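Since the structure comes first, as structure tokens, the remarks are kept for the end.
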């Protein structure tokens, strides 16, 4: 016989969640589908959190909302496993999930463990697909691959460095003038400008403590390079500890990780976590408004949004990537269920490829993965001048997106017909199960093909 249900009084956690997210009581009550007075009673522990409210919290907020331990955390993790659209089985009603945890807690924990293992296997499949694309087989990963995968495993958030950057940003003016003053006054670094053809953005001479910056740099790039040099002094200990704990296989990977950590710290200094997260929510993640507020580039603001993964204070879960003219993904991170090919081969139906050819124009798209998960994507083509007629400019596109469930908080979804027809995309042709795609470059791995010489279609074979 099932044990009587324990009434859940955790109003302080709900109140803390609402305050961290900077959501007024009225707005929170509307999102949870309850009255303001009812929400106030829950926050003051005058009434327990009911199943309906708990399930609304699970839908509206990340799993970090109440932590991953205890009764509430177990429920949220089990709901995630039971309702994942990527699993080829009927979704369980949320009320049945609660009843299952109470009556069969060991079975519920087993289901969560199996779901976690399934997700890991999907990630391993994508890694194998990347290895196949790169021709590396069983060879050890290249240094840049090792560093890229390390950042992905860390959730693209480095807590010690991010918090240190936030403290430093409060102590100084994180603009170019303040950064230069800090370098000169605290670290005896002299900053000079030099003409050049654009091939070298900056150069530091340790013997004379001189940082030379190219005169052709736009203001946001100049500020970033100043911040990059400053954090190498200010956060040297924090970065050294992270590198030592990362256990990189080669000296080159360790050096690349050090550079990557300095880049991360520079972005965190220019866009302090709390202030940037609050502004992102206020602006509904409008990149142009964010880049103007923090005097950063479009790409820098997009990238920073993908790093807002602080436990208990997470931002909207985004995916972010940068794609070059050949379709290679040169930067990527996903805090969502979407995982894309790391070494090129991304789906040609994805809007980011069109954006590369149309610079300085924002394109939006509602896309659907084979598992049924739908995403709102924003992509913009960018051109970085080379500084010389003899050198071609760099052309690429950046993309940022979130699941359709978060569309109300993403300004780029306003002109899309949500709930309507979505563009069917996949991670890579080699692991995409779609059988009716006219854009397929080659059949999925492990699939048999049927060739009928008497029938002609866009794709010269059928999948059996």
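Numbering (the numbering used here), first residue to last: 6 to 469.
The beta carbon of each residue, even a glycine, is placed where N, CA and C say it ideally should be.
Keep in mind it's a predicted model, so treat the numbers as computed, not measured.
Asked: Residue 304, DSSP secondary structure in three states; Found: helix
Asked: Bridge-paired residues (DSSP) for residue 382; Found: 370 and 406
Asked: Any alpha helix (DSSP H) of 4 or more consecutive residues that is wholly inside the stretch 152-177; Found: 164-176
Asked: C-alpha distance - residue 247 paired with residue 264, whole-angstrom precision; Found: 12 Å
Asked: Distance between residue 229 and residue 98 (C-alpha atoms, nearest Å); Found: 49 Å
Asked: For residue 199, the residue or residues it bridges with in DSSP; Found: 219
Asked: Nearest-angstrom Cα separation, counted from residue 109 out to residue 52; Found: 27 Å
Asked: Beta-carbon spacing of residue 216, residue 227 below 8 Å; Found: no
Asked: C-alpha gap between residue 251 and residue 154, whole angstroms; Found: 11 Å
Asked: Enclosing beta strand (DSSP E) for residue 328 [first to last residue]; Found: 324-329
Asked: Alpha-carbon to alpha-carbon, residue 166 and residue 249; Found: 14 Å
Asked: Residue range of the beta strand (DSSP E) that includes residue 338; Found: 334-339
Asked: Cβ neighbour criterion (16 or more within 10 Å) applied to residue 401; Found: buried
Asked: Span of the alpha helix (DSSP H) around residue 21; Found: 16-25
Asked: Exposure of residue 57, with buried meaning 16 or more beta-carbon neighbours within 10 Å; Found: exposed
Asked: Rounded C-alpha distance that separates residue 160 from residue 324; Found: 11 Å
Asked: Given residue 331 as reference, the closest of 305, 413, 195 and 358 once Cα atoms are compared; Found: 358
Asked: The stretch 287-300 contacting the stretch 185-194, beta-carbon criterion three pairs below 8 Å; Found: no
Asked: Proximity below 8 Å, CB of residue 179 to CB of residue 275; Found: yes
Asked: Distance CB(residue 267)-CB(residue 152) smaller than 8 Å; Found: no
Asked: Residue 318 versus residue 15 - alpha carbon distance; Found: 18 Å
Asked: Assigned secondary structure, residue 421 (DSSP; H/G/I helix, E/B strand, else coil); Found: coil
Asked: For residue 390, the nearest candidate out of 223, 156 and 102 (CA to CA); Found: 223
Asked: Sequence-distant residues of its chain with Cβ nearer than 7 Å to residue 387 (five each side left out); Found: 303, 304, 364, 401, 402 and 403
Asked: Beta-carbon contacts of residue 354 that lie in its chain and below 6 Å, excluding the five residues immediately before and after; Found: 428, 430 and 444
Asked: The stretch 418-426 in contact with the stretch 366-373 per 3-pair CB rule at 8 Å; Found: yes
Asked: Paired residues, beta bridge with residue 210 - DSSP; Found: 215
Asked: Distance between residue 123 and residue 47 (C-alpha atoms, nearest Å); Found: 36 Å
Asked: For residue 114 and residue 6, the rounded distance between their alpha carbons; Found: With a pLDDT of 42 at residue 6, under the threshold of 50, the predicted position of this residue should be treated as unreliable, though the coordinate-derived value follows. Their Cα atoms are separated by approximately 19 Å.
Asked: Neighbour-count burial assignment, residue 320, 16 or more Cβ in a 10 Å radius; Found: buried
Asked: DSSP three-state assignment for residue 467, whether helix, strand or coil; Found: strand
Asked: CA-to-CA distance, residue 88 to residue 103, given in whole angstroms; Found: 13 Å
Asked: N- and C-terminal bounds of the alpha helix (DSSP H) containing residue 238; Found: 224-239
Asked: Buried or exposed (CB count within 10 angstroms, at least 16 for buried), residue 269; Found: buried
Asked: Neighbourhood of residue 27 by C-beta distance below 7 Å, restricted to the same chain and skipping five residues each side; Found: 283 and 286
Asked: Through-space distance from residue 432 to residue 126, alpha-carbon basis; Found: 15 Å
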